[in-house]
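When we follow this note's numbering, the leftmost residue of the sequence shown carries the number 582, and every step to the right adds one.
Where is the CB? At the ideal position from N, CA and C, for every residue including glycine.
In this text the structure is predicted, and so the values were computed from the model without any measurement.
This report concerns only the one structure given below.
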Amino acid sequence: MGDYEYLLVKHDGDTVRITMNRPERRNALSEPHMRELLRAFTEAGDSDATGIVLSGEGRAFSAGHDFADVAARDVGGVRDLLRLCTRVMTTVQQVPQVVVAKVASIATAAGCQLVATCDLAVAAESASFSLPGGKGGWFCHTPAVPVARNIGRKRLMEMTLTGDAIDARTAVEWGLVNYAVPDDELDARTDELLARATRGSRYGKGVGKQTLYAHLDRPEADAYAIAVEVMTAMSQSPGAREGMASFLEKRKPVWTD
């Protein structure tokens with residue numbers, strides 16, 4: 582799937598495993614790093630994979646934006662950097678595959694943003710999560726966007742205003758991650774969740790994911806309008822037809838996509 586400097590990308594059966602591999606910089610998100618993430622997710626999205634696992638090598642899942650990159654830019658350059666970061670985040674949610682964040686250590690600022698952006702997340706019990714800009718000089722405005730949609734207003738205010746880290750158990754309670762597991766079970770539990778989340782029609786799953794993101798933050802009436810039309814159209818898809826036929830005929834489904 583191409584050569585990368587800052588990532589390890591492996592096509593493992595039906596799963597693409599993307600590992601951020603800049604441990605000496607705690608997987609900080611420089612422009613070249615983010616461009617590689619964008620390319621990796623785009624290529625994975627165009628592949629026949631059913632799932633994607635995103636992880637980080639070393640002592641951090643990701644420490645957020647690379648300040649060495651940010652500090653060297655003028656306002657236009659910083660805007661370009663943040664727009665690139667937003668493209669990475671939207672691409673994670675636009676690809677048809679189920680994306681699971683596997684978090685073994687800290688996820689800070691834009692690293693926490695990445696976790697919140699993924700469809701699902703499993704964290705080691707030793708992991709932690711923070712939006713530390715509130716106790717520094719550069720507030721975590723863009724990282725807060727997906728985090729808010731995971732944890733709600735008051736918890737977001739606590740994370741952003743204090744800048745304090747929360748542990749993995751708290752992240753589960755607040756809705757930022759799905760599971761906090763013993764460190765030595767992280768790989769197995771991540772793959773187990775991915776296996777459950779990728780059952781069924783690949784095409785149906787991809788349209789389902791994209792439709793959910795299209796209506797999640799809309800008023801209820803708008804959400805229903807979107808969902809009714811998509812569900813109506815998808816009733817005629819091969820996956821839907823096979824799912825209904827197998828139920829009515831009391832047999833196991835045979836998926837062709």
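query: Determine the burial state of proline 713: buried for a count of at least 16 other Cβ atoms within 10 Å of its Cβ, exposed for fewer.; result: buried
query: Which residues in the same chain as glycine 645 place their Cβ atom closer than 6 Å to its Cβ, once the five residues preceding and following it in sequence are excluded?; result: Thr689, Ala690, Ala691, Gly692
query: Considering Cα atoms alone, identify which of Leu619, Gly789, Met740 is closest to serine 709.; result: Met740
query: Give the list of continuous alpha helix (DSSP H) stretches no shorter than 4 residues that lie fully inside the region 611-692.; result: 612-626, 648-651, 656-675
query: If you drop the 5 nearest sequence neighbours on each side, which residues of the same chain put their C-beta closer than 6 Å to that of isoleucine 633?; result: Val597, Ala625, Gln678, Val680
query: Compute the Euclidean distance between the alpha carbons of threonine 792 and valine 673, then round it to the nearest angstrom.; result: 14 Å
query: For lysine 831, count neighbouring C-beta atoms within 10 Å of its own C-beta (all shown protein chains included) and say buried if the count is 16 or more, exposed if not.; result: exposed
query: Give the DSSP bridge partners of threonine 596, in chain order.; result: Asp593, Gly632
query: Can you tell me the Cα-Cα spacing of glycine 657 and threonine 667, whole angstroms?; result: 15 Å
query: Give me, in chain order, the residues of the same chain whose beta-carbon lies closer than 7 Å to that of alanine 785; leave out the 5 immediate sequence neighbours on both sides.; result: It is glycine, not alanine, that sits at residue 785 in the sequence shown. Met815, Ser818, Gly820, Ala821, listed in sequence order.
query: Check for me: the beta strand (DSSP E) holding phenylalanine 710 runs from which residue to which?; result: 709-711
query: Buried or exposed: leucine 695, going by 16 or more other Cβ atoms within 10 Å of its Cβ?; result: buried
query: Excluding five sequence neighbours on each side, which residues of the same chain lie with their C-beta closer than 7 Å to the C-beta of glycine 725?; result: According to the sequence provided, residue 725 is alanine. The question's glycine does not apply to it. If we look at alanine 725 and ignore the five residues flanking it on each side, its Cβ neighbours are Leu712, Leu737, Thr741.
query: In angstroms, rounded to a whole number, what distance separates the CA positions of valine 659 and lysine 735?; result: 29 Å
query: For cysteine 721, which of Val703, Thr743, Asn731 has the nearest alpha-carbon?; result: Thr743
query: How close, in whole Å, do the beta carbons of alanine 641 and serine 707 come, if the pair is a contact with beta carbons under 8 Å?; result: Going by Cβ atoms, the distance from alanine 641 to serine 707 rounds to 12 Å, so no, they are not a contact pair.
query: With a cut-off of 8 Å on the beta carbons, I'd call leucine 618 and lysine 683 a contact; round off their distance for me.; result: Rounded, the Cβ-Cβ distance is 15 Å, inconsistent with contact.
query: On a Cα-Cα basis, can you pick out the residue from Ala652, Asp627, Leu775 that is closest to aspartate 700?; result: Leu775
query: Would you kindly report the start and end of the unbroken alpha helix (DSSP H) that includes tyrosine 794?; result: 783-796
query: From the DSSP output, in three-state form, read off leucine 757 for me.; result: coil
query: Comparing C-alpha positions only, which one of Ala778, Asn731, Leu829, Ala705 sits nearest to aspartate 595?; result: Ala778
query: What did DSSP end up calling valine 762 once you bin it into helix, strand or coil?; result: strand
query: Please classify alanine 697: is it buried, with 16 or more other beta-carbons within 10 angstroms of its beta-carbon, or exposed?; result: buried
query: If you draw a straight line from the alpha carbon of valine 590 to that of isoleucine 599, how long is it in whole angstroms?; result: 5 Å
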